[in-house]
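What follows is a single structure, written as C-alpha cells, with notes after it.
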Amino acid sequence: MIGVFALQGDVREHVAALRAAGAEAVPVRRPSELAEVDGLVIPGGESTVMSRLATVFELREPIRARIASGMPVYGSCAGMIMLASDVLDGRSDQESFGGIDMVVRRNAFGRQVDSFETDLDFEGVDGEPVHAVFIRAPWVEKVGSDVEVLARVSGGPADGRIVAVRQGNLLATSFHPELTGDLRVHDLFVRMVQEATDDRATEEAVR
Ligand code: GLN
Numbered sequence: 036m037i038g039v040f041a042l043q044g045d046v047r048e049h050v051a052a053l054r055a056a057g058a059e060a061v062p063v064r065r066p067s068e069l070a071e072v073d074g075l076v077i078p079g080g081e082s083t084v085m086s087r088l089a090t091v092f093e094l095r096e097p098i099r100a101r102i103a104s105g106m107p108v109y110g111s112c113a114g115m116i117m118l119a120s121d122v123l124d125g126r127s128d129q130e131s132f133g134g135i136d137m138v139v140r141r142n143a144f145g146r147q148v149d150s151f152e153t154d155l156d157f158e159g160v161d162g163e164p165v166h167a168v169f170i171r172a173p174w175v176e177k178v179g180s181d182v183e184v185l186a187r188v189s190g191g192p193a194d195g196r197i198v199a200v201r202q203g204n205l206l207a208t209s210f211h212p213e214l215t216g217d218l219r220v221h222d223l224f225v226r227m228v229q230e231a232t233d234d235r236a237t238e239e240a241v242r
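Residue numbering for the sequence shown follows our numbering, starting at 36 and increasing by one per position.
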C-alpha cells in the first residue's frame with residue numbers, strides 16, 4: 036500500500052494516479068497511517084507550508100526514519116524540495132526531510148514563467164517522451180555522486196537543467212505527472228515500491 040502525504044498539496048490527483056497505476060493508495064496525515072504504508076508520495080503544493088505542517092502533525096521525524104530505513108518515496112515539485120538535502124531560495128524556517136544528496140532551487144524557472152510544459156526524455160520510462168507540466172517548479176542545481184539524473188530540460192532558457200533524479204529508493208521530479216494522465220512515472224514508482232517490498236519479504240524469509 037502506498038501513502039500520499041496529505042497535509043497539503045495535490046493529494047487527490049496522486050491518489051488517483053497511483054490507483055490507476057494499479058496500486059492501493061491512501062492519504063497519510065498521522066504517524067499511525069505512515070506506519071501502515073510501504074511507500075510514500077509527497078505531492079506538489081507549497082514546501083514552506085508542508086514543512087510547517089510536518090512539524091505540527093509530528094510527521095517529520097517518522098518520515099525521516101522511514102526514509103533512512105529504505106522506504107521508497109517519490110516527491111513531485113514541492114515534494115522534490117522536501118526530499119532535497121539542500122534548498123536554495125527557501126524560507127529561513129523551511130526544513131526538508133532530505134534523503135537525496137542534491138541542491139534544489141525553489142521557483143527556479145523565474146517568476147514571470149510561472150508554469151510551462153515541455154517534452155522530456157526520461158531514463159527508465161520507455162516509449163514517447165514524457166510531457167511534463169511545471170508549475171512554479173524547482174530545478175536541481177547540483178547532485179551528489181550517488182544520484183542518478185533521469186531527465187533534463189532540452190532547449191529554451193532552462194536547457195540542460197536537471198528535473199528528475201533518483202537516489203536508491205528515492206525518486207523526485209520537478210514536474211507533475213499526476214496532472215497529465217500519463218501514468219508512466221507513477222508506474223515506475225509503483226514498481227520501486229513492489230521491488231522494495233519483495234526484497235524485504237525475502238530478507239524476512241531467510242532470517
Ligand atoms: N513553488 C512551490 C514550492 O516552493 C512548489 C510548486 C509546486 O509544487 N507546484 O514549494
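In this text, a Cβ means the ideal position worked out from N, Cα and C, and glycines have one as well. Just so we're clear, the structure is a prediction, and the values are computed from it rather than from any experiment.
Query raised in the report: To the nearest angstrom, how far is it from the Cα of Met117 to the Cα of Val220?
Result: On the sequence shown, position 82 is the one that residue 117 refers to. On the sequence shown, position 185 is the one that residue 220 refers to. Their backbone Cα atoms lie some 18 Å apart in a straight line.
- request: Using a threshold of 8 Å, state whether the C-beta atoms of Leu75 and Val108 are closer than that.
  value: Translated into positions along the sequence shown, residue 75 becomes position 40. Translated into positions along the sequence shown, residue 108 becomes position 73. Yes. Within cutoff.
I want to check one thing, is the minimum distance from the CB of Thr90 to the heavy atoms of the ligand GLN below 7 Å? Here residue 90 refers to the residue found at position 55 of the sequence shown. Answer for Thr90: no, Cβ out of range of the ligand GLN.
Measuring from the CB of Ala195, is there a heavy atom of the ligand GLN at a distance below 7 Å? Within the sequence shown, numbered from 1, the residue matching residue 195 stands at position 160. The displayed chain sequence assigns Gly, not Ala, to residue 195. The answer is no for Gly195.
Margin query: Would Leu185 and Arg201 qualify as a contact pair, given that the criterion is a beta-carbon distance under 8 Å?
Written below: By one-based count along the sequence shown, residue 185 stands at place 150. By one-based count along the sequence shown, residue 201 stands at place 166. Result yes, Cβ atoms of Leu185 and Arg201 sit closer than 8 Å.
Note to self: Give me the DSSP bridge partner(s) of Val63.
What the structure shows: For the purposes of this step, residue 63 is taken as residue 28 along the sequence shown, with counting starting at 1. Phe40.
task: Tell me the start and end of each unbroken alpha helix (DSSP H) in the region 121-203 that is at least 4 residues and wholly inside, in chain order.
output: none
Q. Can you round the beta-carbon distance between Glu158 and Val168 to whole angstroms, since I take them to be within the 8 Å contact cut?
A. Taking the sequence shown and counting its residues from 1, the one referred to as residue 158 is at position 123. Taking the sequence shown and counting its residues from 1, the one referred to as residue 168 is at position 133. With a Cβ gap of about 19 Å, Glu158 and Val168 do not count as contacting.
At a threshold of 7 Å, does Ile37 count as lining the ligand GLN (C-beta to nearest heavy atom)? Within the sequence shown, numbered from 1, the residue matching residue 37 stands at position 2. The answer is no for Ile37.
Check your understanding: Using a Cβ-Cβ cut-off of 8 Å (strictly less than) and excluding sequence neighbours within five positions of Asp73, which residues of its own chain qualify?
Key -> Walking along the sequence shown from the start, residue 73 turns up at place 38. The residues are Met36, Ile37, Met106, Pro107, Val228, Ala231, Thr232.
Per-residue DSSP class, three states only, for Ser209
Walking along the sequence shown from the start, residue 209 turns up at place 174. DSSP, reduced to helix, strand and coil, places Ser209 outside both helices and strands of the structure shown, so it counts as coil.
Practice task
Could you please give the first and the last residue of the uninterrupted beta strand (DSSP E) stretch that includes Gly114?
Solution key: Translated into the one-based positions of the sequence shown, residue 114 becomes position 79. Careful: Gly114 lies outside any beta strand (DSSP E), inside the alpha helix (DSSP H) at 113-118.
Note to self: Short of 8 Å in beta carbon distance, which residues of its chain neighbour Phe92, apart from the five on each side in sequence? Order them along the chain.
What the structure shows: Locating residue 92 in the sequence shown gives position 57, counting from the first residue. The residues are Leu42, Arg64, Arg65.
Within the 8 Å Cβ cut-off, does Gly190 reach chain D?
-> Although the question refers to chain D, the structure presented lacks it and comprises just one protein chain.
Let me know if Arg140 comes out buried or exposed under the rule of 16 or more other beta-carbons within 10 Å of its beta-carbon.
Here residue 140 corresponds to residue number 105 of the sequence shown, with the count starting at 1. With 16 or more Cβ atoms within 10 Å of its Cβ, Arg140 is classed as buried.
| query | What does Val76 pair with, by DSSP beta-bridge criteria? | reply | On the sequence shown, position 41 is the one that residue 76 refers to. BP columns for Val76 point to Val39, Tyr109.
Would you please state the rounded distance, in angstroms, between the beta carbons of Gly80 and Asp45? I believe it to be under 8 Å. In the sequence shown, counting from the first residue as 1, residue 80 sits at position 45. In the sequence shown, counting from the first residue as 1, residue 45 sits at position 10. Yes, they are in contact, since the Cβ atoms of Gly80 and Asp45 sit about 6 Å apart, within 8 Å.
Count the other CB atoms within 10 Å of the CB of Ser86; is the residue buried (16 or more) or exposed (fewer)? Here the question's residue 86 lines up with position 51 in the sequence shown. Classification of Ser86: buried, given that the 10 Å Cβ count is 16 or more.
Is it the case that the CB of Glu158 approaches a heavy atom of the ligand GLN more closely than 7 Å? Against the sequence shown, residue 158 aligns to sequence position 123. Incorrect: Glu158 has no Cβ contact closer than 7 Å to the ligand GLN.
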